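Novice:
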Amino acid sequence: LLLSSHCLALERLRWVEHRRPRIDRNLRLCRFCKAEIESPEHALLQCTASADLVLLRDDFLARMNHDIKRLPALNSMPALEFFTLMISYRHTVSLVAKYAFGVTEIFESTPMLIPA
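Counted from 1, the sequence shown has number 117 at position 93 by this note's numbering; the numbering is strictly sequential.
#1: Could you tell me the boundaries of the alpha helix (DSSP H) in which residue 108 lies?
#2: Check whether the stretch 66 to 86 and the stretch 40 to 51 are in contact - that is, three or more C-beta pairs closer than 8 Å.
#3: Report the option in 56, 53, 63 whose CA atom is closest to the CA atom of residue 29.
#4: Inspect the beta-carbon positions of residue 106 and residue 98 and report whether they are closer than 7 Å.
#5: Anyone know if the C-beta pair for residue 71 and residue 77 falls short of 7 Å?
#6: I'd like to confirm something about residue 136: is its beta-carbon nearer than 6 Å to some heavy atom of the ligand COA, or not?
#7: Is DSSP giving residue 49 helix, strand or coil here?
The structure is reproduced here in structure tokens:
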């Protein structure tokens with residue numbers, strides 16, 4: 025996710041693939057909510073259209089709050105800033121990695137939304 029090599033529409037739909045042209049950024053919508061660009065910060069922190077994703081996120085945030093006593097609320101700052109904060113704590117790196125892997129599995133289990 026950090027190096028732009030992931031299964032999310034933001035990255036995948038910028039590629040020309042199987043005779044499908046590159047898709048404009050503003051059309052690379054989330055496969056679950058179909059309203060926002062499917063970016064890492066949206067997938068990890070914002071999308072609420074998948075029950076599995078919300079449950080995984082709630083569990084992750086509870087664990088982060090346990091490990092980081094003064095972790096700001098998710099909605100208290102822009103998602104990208106919160107994402108940067110999440111990965112800035114050395115002792116939670118494995119927790120963030122496990123969460124990102126789980127989110128990736130959820131997104132990979134549902135076909136990407138490809139505009140016609």
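For glycine and all other residues, C-beta sits at the position ideal for the given N, C-alpha and C.
Nothing here was measured: the structure is a model prediction, and the numbers come from that model.
Specialist: In terms of the structure at hand:
#1: Walking along the sequence shown from the start, residue 108 turns up at place 84. Counting along the chain, the alpha helix (DSSP H) containing residue 108 begins and ends at 103 to 110.
#2: Contact fails: fewer than three Cβ-Cβ distances are below 8 Å.
#3: By 1-based counting over the sequence shown, the position of residue 29 is 5. Comparing Cα positions, the closest option is 63.
#4: As a first step, residue 106 must be located in the sequence shown, where it is residue number 82. As a first step, residue 98 must be located in the sequence shown, where it is residue number 74. Contact flag set, yes.
#5: Position 47 of the sequence shown holds residue 71. Position 53 of the sequence shown holds residue 77. Closer than 7 Å, so yes.
#6: Absence of the ligand COA is noted for the structure shown, with no ligands found whatsoever.
#7: Within the sequence shown, numbered from 1, the residue matching residue 49 stands at position 25. Looking at residue 49 - three-state DSSP - the assignment turns out to be helix.
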